[in-house]
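Peer 1: Chains as they are written, first to last, in my numbering: chain B, 1 to 157; chain D, 1 to 115.
Note that the Cβ used here is the ideal one computed from N, Cα and C, for glycine as well.
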C-alpha cells in the first residue's frame with residue numbers, strides 16, 4: 001500500500017464544493033436591462049492650493065441615474081490626495097457616498113456600481129504643501145430613474 | 001500476463017498538500033495510470049505523478065514541473081516505464097480549496113511484462 005510520506009500546508013486559492021455535492025449557485029443580475037448607455041466623465045482640476053480642496057458639480061439630469069463602476073483621481077507628483085463623491089438629497093443636502101485617499105492616484109473598481117442621482121459632487125483634496133493639478137475620471141452606465149427602480153431595486157429584492 | 005493495480009487514494013484536508021509513495025516490490029513495467037477528480041474540486045486540487053527510478057526522479061504526469069487540476073473528470077495516461085525493486089512511485093496531491101477536503105484517486109498499473 002502507498003504510504004503518506006509528507007504533508008504540508010498551502011495557501012488556499014479559492015473555495016470548491018464538497019465532493020459530489022450539487023452545484024447550487026445563485027446569480028444576481030446587476031446589469032440594467034432597460035434603456036442604458038455608457039457613461040463617461042472627466043474633469044481636470046487645476047492648481048489646487050496646498051492643504052485645500054476643489055469641488056466640481058456634475059449634473060446628470062433629473063430623471064437619470066448613473067451607476068459608477070470605475071473611479072479614478074490622478075495627479076502627477078507623489079503626494080497624498082483624497083477623493084470624495086457626494087450626492088444631493090431631495091432636500092438639497094449633500095451626503096458623502098464615497099471617500100478614498102492615496103498617493104499620486106486613487107483607482108477604484110466598484111463591482112456593484114455606485115448609484116448617483118441628478119447631480120453629484122466631486123471633491124479633490126490636496127494634502128501636500130505644493131499646489132497640484134488632478135484629473136478625475138469615471139465610467140459606468142447611465143439609465144433612467146424609472147428603469148433603475150424597476151430593474152435594480154425591485155430586481156434585487 | 002500478471003498485472004496489479006496500485007491504488008493511491010487519499011482524502012486531502014483543505015489547504016494541505018500530501019505526497020504518497022509506493023515502493024516497487026517486483027521488477028516489471030508501469031504500463032499506464034488513471035487519476036480521478038471528483039465533482040466539487042473546481043480545479044483547485046493539483047496532482048502530479050513522479051517516479052524515482054534508480055535514484056533519479058522523473059515526472060510522468062503531466063510532463064515537466066507542472067500539475068493537473070480538473071473537476072468531475074477521470075483521465076488516463078500512458079507511462080511505459082521499466083521499474084526495478086526499490087524504485088518508487090510518488091504521487092503529490094495539493095488541495096488549494098480553503099474549505100473542503102477532497103478525495104483523489106490515482107491508480108497505476110504494474111505488469112510483469114511490457115504490454
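#1: What are the start and end residues of the beta strand (DSSP E) that includes residue 58 of chain B?
#2: For the segment 133 to 140 of chain B against the segment 60 to 75 of chain B, do three or more pairs of beta-carbon atoms, one drawn from each stretch, fall closer than 8 Å, so that the two count as touching?
#3: Please return the same chain residues whose Cβ sits closer than 6 Å to the Cβ of residue 156 of chain B, not counting the five positions on each side in sequence.
#4: Quick one: what does DSSP say residue 21 of chain B is sitting in, helix, strand or coil?
#5: Could you name each continuous beta strand (DSSP E) segment of 3 residues or more that falls completely within the segment 71 to 108 of chain D, going from the start of the chain to the end?
#6: Start and end of the beta strand (DSSP E) containing residue 116 of chain B?
#7: With 16 as the cutoff for other CB atoms within 10 Å, does residue 84 of chain B come out buried or exposed?
#8: Could you check which residue in B:56, B:7, B:49 has the C-alpha nearest to that of residue 126 of chain B?
#9: Taking the beta strand (DSSP E) that residue 51 of chain D belongs to, which residues open and close that run?
#10: I'd like to know whether the C-beta of residue 47 of chain D is nearer than 7 Å to at least one C-beta of chain B.
#11: Looking at the C-beta of residue 103 of chain D, does it have a partner C-beta in chain B at a distance below 7 Å?
#12: Using three-state DSSP, classify residue 146 of chain B as helix, strand or coil.
#13: Indicate whether residue 104 of chain D and residue 89 of chain D have their beta-carbon atoms separated by less than 7 Å.
#14: When burial is assigned at 16 or more other CB atoms within 10 Å of the CB, is residue 40 of chain B buried or exposed?
#15: Between B:68, B:21, B:146, B:150, which has its C-alpha nearest residue 115 of chain B's C-alpha?
#16: Is residue 5 of chain B closer than 7 Å to residue 21 of chain D when the C-beta atoms are compared?
#17: In chain D, which residues lie less than 7 Å from residue 147 of chain B when you measure between Cβ atoms?
#18: Near residue 91 of chain D, which residues of its chain fall below 6 Å by C-beta distance, leaving aside the five closest residues on each side in sequence?
#19: Could you compute how far the alpha carbon of residue 26 of chain D sits from the alpha carbon of residue 86 of chain D?
#20: Nearest-angstrom Cα distance between residue 97 of chain B and residue 76 of chain D?
#21: Can you tell me whether DSSP reads residue 9 of chain D as helix, strand or coil?
#22: Can you tell me which of the three DSSP states residue 5 of chain B falls into?
#23: Assuming the contact rule is C-beta atoms closer than 8 Å, residue 67 of chain D and residue 36 of chain D should be a hit. Round their C-beta distance to whole Å, please.
#24: With residue 144 of chain B and residue 63 of chain B assumed to form a contact (beta carbons below 8 Å), what rounded beta-carbon distance in angstroms separates them?
#25: Between D:18, D:17, D:38, D:5, which lies nearest to residue 74 of chain D when the distance is taken from Cα to Cα?
Peer 2: Quick look at the numbers:
#1: First-last of the beta strand (DSSP E) with residue 58 of chain B: 52 to 75.
#2: At 8 Å Cβ cutoff, the stretches touch.
#3: Annotation note: pLDDT 47 at residue 156 of chain B (below 50); position unreliable, coordinate value reported separately. Closer than 6 Å at the Cβ level, and outside the excluded window around residue 156 of chain B, lies no residue.
#4: Residue 21 of chain B falls in the coil class under three-state DSSP.
#5: Within the segment 71 to 108 of chain D, the complete beta strand (DSSP E) runs of at least 3 residues are 73 to 83, 88 to 95.
#6: First-last of the beta strand (DSSP E) with residue 116 of chain B: 105 to 126.
#7: Residue 84 of chain B comes out buried.
#8: For the residues B:56, B:7, B:49, the minimum Cα distance to residue 126 of chain B belongs to B:49.
#9: Looking at the DSSP string, the run of the beta strand (DSSP E) that includes residue 51 of chain D is 45 to 53.
#10: So no, residue 47 of chain D is outside the interface.
#11: Closer than 7 Å to some Cβ of chain B, the Cβ of residue 103 of chain D qualifies, so yes.
#12: In the structure shown, residue 146 of chain B sits in a helix (DSSP, three-state: H, G or I).
#13: Contact check for residue 104 of chain D against residue 89 of chain D fails: the beta carbons are separated by 7 Å or more.
#14: Residue 40 of chain B should be labelled exposed.
#15: Residue B:68 holds the alpha-carbon nearest to the alpha-carbon of residue 115 of chain B among B:68, B:21, B:146, B:150.
#16: In contact: residue 21 of chain D and residue 5 of chain B (Cβ atoms closer than 7 Å).
#17: What residue 147 of chain B touches in chain D: nothing, since even the nearest Cβ is about 36 Å away.
#18: Contacts found: 8, 20, 49, 106.
#19: Taking C-alpha positions only, residue 26 of chain D is separated from residue 86 of chain D by approximately 8 Å.
#20: Between residue 97 of chain B and residue 76 of chain D, the alpha-carbon positions lie close to 55 Å from each other.
#21: Residue 9 of chain D falls in the strand class under three-state DSSP.
#22: Three-state result, residue 5 of chain B: strand.
#23: That belief does not hold up - the Cβ atoms of residue 67 of chain D and residue 36 of chain D are roughly 15 Å apart, past 8 Å.
#24: Between residue 63 of chain B and residue 144 of chain B the Cβ distance is about 6 Å, and since that is below 8 Å, they are a contact.
#25: Of the listed residues, the one whose Cα sits closest to residue 74 of chain D is D:38.
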